[in-house]
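Student:
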Amino acid sequence: MLLVEDDDAIAESLVRGLERQGFEVRREGTGEGALRALAAQRPEIVLLDLGLPDVDGYEVCRRMRRDSSVPIIVITARGDEIDRVLGLELGADDYLVKPFGFRELVARIRAVARRAGGRDEPTEGPIDLGAGVVLDTRAHRVTVDGAEVALTRKEFDLLVLLASDPGATRTREEILERVWDAHWYGPTKTLDVHVASLRRKLGDPTLIETIRGVGFRLRSPDGDPHAAGTTS
Ligand code: CA
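Residue numbering for the sequence shown follows my numbering, starting at 202 and increasing by one per position.
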């Protein structure tokens, strides 16, 4: 999902909370950045603060709706009724006035995502990844042949990212940005170390496939593990 919020403190606490709920969050602090991200990232849902430093939030909302059918939840300090009406008329799907409770936000996100048939909603139940591996994002648990395995936070996040779209290759840059930090400049060897450790813990080293020079992907559940010539 795309969070458009210029206040660093608010944005950081929202991102942390939403990631704990299993959402993948990308944050933008400006209206122009948000519009670019919408086009490039195609998020499943947008949380839009109306008070932005460059483009007026209403205008951002209007332009997003013109270009996309993405569900938009407007977040704002402006609580007047006329603002609510205007926001909804411009195409927002829902409206939350600051200060709001985090639980209420998550409930609204789930409701909007459900209505939109969104794929960004965390899986409610355990998902079978093949090779006896079951991932339960809600319970934050991974089992192999029924036995729970202890993963580190990063290993778990890495698996969740790969499992969010089995068969899709995630580039090294994307993984580092999403699992580690938006501004990770450390050695990318870290990623290989985590992948190796995750493979060891999951038992079947072919479950996570290496795409040489590009990144990694989770073996597609209906795919032939030997069909992918680039795996190692
Ligand atoms: Ca703001």
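Glycine included, each C-beta is placed from N, C-alpha and C at the ideal position. Quantities reported herein were computed from a predicted structural model and do not represent experimental measurements.
Bridge partners of Ala-348, per DSSP?
Tutor: As a first step, residue 348 must be located in the sequence shown, where it is residue number 147. Val-345.
Student: Kindly identify the DSSP beta-bridge partner or partners of Arg-434.
Tutor: In the structure displayed, the chain extends from 202 to 433; residue 434 sits before or after that span and is not available.
Student: Would you tell me roughly how many angstroms separate the C-alpha atoms of Leu-215 and Asp-257, rounded to the nearest one?
Tutor: Sequence index remark: in the sequence shown, residue 215 carries index 14 (1-based). Sequence index remark: in the sequence shown, residue 257 carries index 56 (1-based). Distance between the alpha carbons of Leu-215 and Asp-257: 21 angstroms.
Student: Going by DSSP, what residues sit across from Tyr-296 in a beta bridge?
Tutor: Along the sequence shown, read from residue 1 onward, the residue named residue 296 stands at position 95. Looking at the DSSP assignment, Tyr-296 forms a beta bridge with Val-275.
Student: List the endpoints of the continuous beta strand (DSSP E) containing Ile-328.
Tutor: One-based indexing of the sequence shown puts residue 328 at position 127. 328-331 is the extent of the beta strand (DSSP E) around Ile-328.
Student: Hey, how far is the Cα of His-395 from the Cα of Gln-222?
Tutor: The count along the sequence shown starts at 1 and reaches residue 395 at position 194. The count along the sequence shown starts at 1 and reaches residue 222 at position 21. Their backbone Cα atoms lie some 22 angstroms apart in a straight line.
Student: In the DSSP output, which residue or residues are listed as bridge partners for Ile-412?
Tutor: The residue given as residue 412 occupies position 211 in the sequence shown. Bridge partners of Ile-412: Gly-416.
Student: For Leu-249 versus Val-205, is the C-beta distance shorter than 8 angstroms?
Tutor: Numbered from 1 along the sequence shown, position 48 holds the residue referred to as residue 249. Numbered from 1 along the sequence shown, position 4 holds the residue referred to as residue 205. In this structure, Val-205 lies closer than 8 angstroms to Leu-249 by Cβ.
Student: For a test of your reading of the model: does the CB of Glu-206 fall under 7 angstroms from any non-hydrogen atom of ligand 1? Yes or no.
Tutor: Counted from its first residue, the sequence shown places residue 206 at position 5. Yes; taking the cut-off as 7 angstroms, the Cβ of Glu-206 has a heavy atom of ligand 1 nearer than that.
Student: Could you pull out every residue in the same chain whose Cβ sits closer than 8 angstroms to the Cβ of Cys-262, ignoring the five residues on either side in sequence?
Tutor: If you number the sequence shown from 1, residue 262 lands on position 61. Result list for Cys-262: Leu-249, Leu-251, Ile-273, Val-275, Gly-288, Leu-291, Gly-292 and Ala-293, in chain order.
Student: Hey, is Asp-250 close to ligand 1, as in C-beta under 7 angstroms from one of its heavy atoms?
Tutor: Position 49 of the sequence shown, counted from the start, is the residue given in the question as residue 250. Answer for Asp-250: yes, Cβ within range of ligand 1.
Student: Could you check what DSSP says for Val-256 in three-state terms: helix, strand or coil?
Tutor: The count along the sequence shown starts at 1 and reaches residue 256 at position 55. In this structure, Val-256 counts as coil in the three-state DSSP scheme.
Student: Could you tell me whether the Cβ atoms of Thr-407 and Arg-420 are closer together than 8 angstroms?
Tutor: Working through the sequence shown from its first residue, we reach residue 407 at position 206. Working through the sequence shown from its first residue, we reach residue 420 at position 219. In this structure, Arg-420 lies closer than 8 angstroms to Thr-407 by Cβ.
Student: Near Ala-342, which residues of its chain fall below 7 angstroms by C-beta distance, leaving aside the five closest residues on each side in sequence?
Tutor: Start at 1 with the first residue of the sequence shown, and residue 342 comes out as number 141. Residue identity check: residue 342 is Arg in the sequence provided, not Ala. Excluding residues within five positions, the ones whose Cβ falls inside 7 angstroms are Glu-349.
Student: Output the boundary residues of the beta strand (DSSP E) element that contains Val-216.
Tutor: Counting from one through the sequence shown, the residue named residue 216 turns up at place 15. Not the beta strand (DSSP E): Val-216 falls in the alpha helix (DSSP H), residues 209-221.
Student: Let me make sure I understand the geometry here. Which of Pro-367, Thr-338 and Val-345 has the alpha-carbon closest to that of Asp-358?
Tutor: Locating residue 358 in the sequence shown gives position 157, where the first residue counts as 1. Taking only the C-alpha atoms, the option nearest Asp-358 is Thr-338.
Student: Is Leu-253 close to ligand 1? I mean its beta-carbon at under 7 angstroms from any heavy atom of the ligand.
Tutor: As a working mapping, residue 253 is identified with position 52 in the sequence shown. At least one heavy atom of ligand 1 is nearer than 7 angstroms to the Cβ of Leu-253, so yes.
Student: Going by C-alpha distance, which of Ile-409, Arg-316 and Gly-404 is nearest Gly-347?
Tutor: Along the sequence shown, read from residue 1 onward, the residue named residue 347 stands at position 146. Checked all of Ile-409, Arg-316 and Gly-404; the closest Cα to Gly-347 is Gly-404.
Student: Grab me the residues of Lys-355's own chain with a C-beta within less than 8 angstroms of its C-beta, minus the 5 sequence neighbours each way, in chain order.
Tutor: On the sequence shown, position 154 is the one that residue 355 refers to. Within the same chain, Lys-355 has close Cβ partners Val-380, Trp-381 and His-395.
Student: With burial defined as no fewer than 16 other Cβ atoms inside 10 Å of the residue's Cβ, what is the status of Phe-301: buried or exposed?
Tutor: One-based indexing of the sequence shown puts residue 301 at position 100. Its Cβ having fewer than 16 others within 10 Å, Phe-301 is exposed.
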